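Asks:
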Amino acid sequence: MNYQTLAQLVEQCLNGDEAAWRSFVDQHSRLVYSIPKRNRFDDAACDDIFQEVFLAAYKNLESLRDAQSVPKWLITTTTRACARYVKKYKRELSLGSIEEPTELEIDRQELLHSLHRGLDEIGGRCRELLVRLHTQGPNVSYELVAEELGIPRGSIGPTRQRCLEKLAKIIAEQDGLGGE
39 MNYQTLAQLV EQCLNGDEAA WRSFVDQHSR LVYSIPKRNR FDDAACDDIF
89 QEVFLAAYKN LESLRDAQSV PKWLITTTTR ACARYVKKYK RELSLGSIEE
139 PTELEIDRQE LLHSLHRGLD EIGGRCRELL VRLHTQGPNV SYELVAEELG
189 IPRGSIGPTR QRCLEKLAKI IAEQDGLGGE
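Just remember that this note's numbering sits 38 ahead of the position in the sequence shown, which is counted from 1.
#1: Keeping to the same chain, check which residues put their C-beta closer than 8 angstroms to that of TYR71; ignore five residues upstream and five downstream.
#2: Closest to VAL108 by C-alpha separation, out of TYR127, GLU148, PHE79 and ALA82, would be which residue?
#3: For the region 156–175 and the region 195–215, state whether three or more C-beta atom pairs, one from each stretch, are separated by less than 8 angstroms.
#4: Give me, in chain order, the residues of the same chain whose beta-carbon lies closer than 7 angstroms to that of GLU181; leave out the 5 immediate sequence neighbours on both sides.
#5: Excluding five sequence neighbours on each side, which residues of the same chain lie with their C-beta closer than 7 angstroms to the C-beta of LEU99?
#6: Can you tell me whether ARG200 is buried or exposed, with buried defined as 16 or more other CB within 10 angstroms of its CB?
#7: What are the start and end residues of the alpha helix (DSSP H) that includes GLY195?
#8: Hey, quick one: how far does the alpha helix (DSSP H) through PRO74 stretch, first residue to last?
#9: Assign PRO74 to one of two classes, buried (16 or more other C-beta atoms within 10 Å of its C-beta) or exposed (fewer than that).
#10: Please go through the same chain and pick out, in chain order, the residues whose beta-carbon is closer than 8 angstroms to the beta-carbon of SER132, but skip the five residues on each side of it.
#11: Smallest Cα separation from ARG118: which of ASP86, ALA105 and ASP104?
#12: Check whether the Cβ atoms of ARG163 and LEU187 sit closer than 8 angstroms, and answer yes or no.
#13: Between LEU171 and the rest of its own chain, which residues show a CB-CB distance below 7 angstroms, the 5 nearest in sequence each way excluded?
Here you go:
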């Protein structure tokens, strides 16, 4: 089933829809994994933290009905799970200390999460074009991108603009800002 908004997805999860729950986890797994990975936890610790966070999300889903609060709640819960993990195992991890994320960091994580979800949804040629143009540095060659994608160099700019507009619309709809 296709869920138009995060609010609809959460509602379906609350109704016991297993496919919705899998979709919820799939949409947010990159966000949750990124926090322990950024703090240099090993794979086993990341998996433990991932399970703890999504178990907490499942138990607290009723309180997560506000779709806007889901990414922030997951970031905060994951950060706290990382801190508990360090305290529980008291081993030397090369991460210094884990601090509560700042508002700016939370906003950045939410933005990156929305961007990744949007790119996953947009797919195809638009995804390829945007990823190539925006990950190869400021001096990316339109000629090289055109050659790699098999499209005329002159259509890169207009295609990029259409893809960015489409991506912005997808992100706005996913985040419940789509003016339905």
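For every residue, glycine included, the Cβ atom is placed at its ideal position computed from N, Cα and C. Keep in mind it's a predicted model, so treat the numbers as computed, not measured.
Replies: Quick answer:
#1: CYS84 and PHE88
#2: For VAL108, the closest alpha carbon among the candidates TYR127, GLU148, PHE79 and ALA82 is that of GLU148.
#3: A contact is defined here as three or more CB-CB pairs under 8 angstroms, and the region 156–175 meets this definition with respect to the region 195–215.
#4: ARG191
#5: Closer than 7 angstroms at the Cβ level, and outside the excluded window around LEU99, lie VAL48, CYS51 and LEU52.
#6: exposed
#7: 194–212
#8: 56–76
#9: buried
#10: Because the pLDDT of SER132 is 48, which lies under 50, any placement of that residue in the model is unreliable, and the number read from its coordinates should be weighed accordingly. Answer for SER132: ARG78, listed in chain order.
#11: ASP86
#12: Taking a C-beta distance under 8 angstroms as the contact criterion, ARG163 and LEU187 qualify as a contact pair.
#13: VAL178, VAL183 and ARG198
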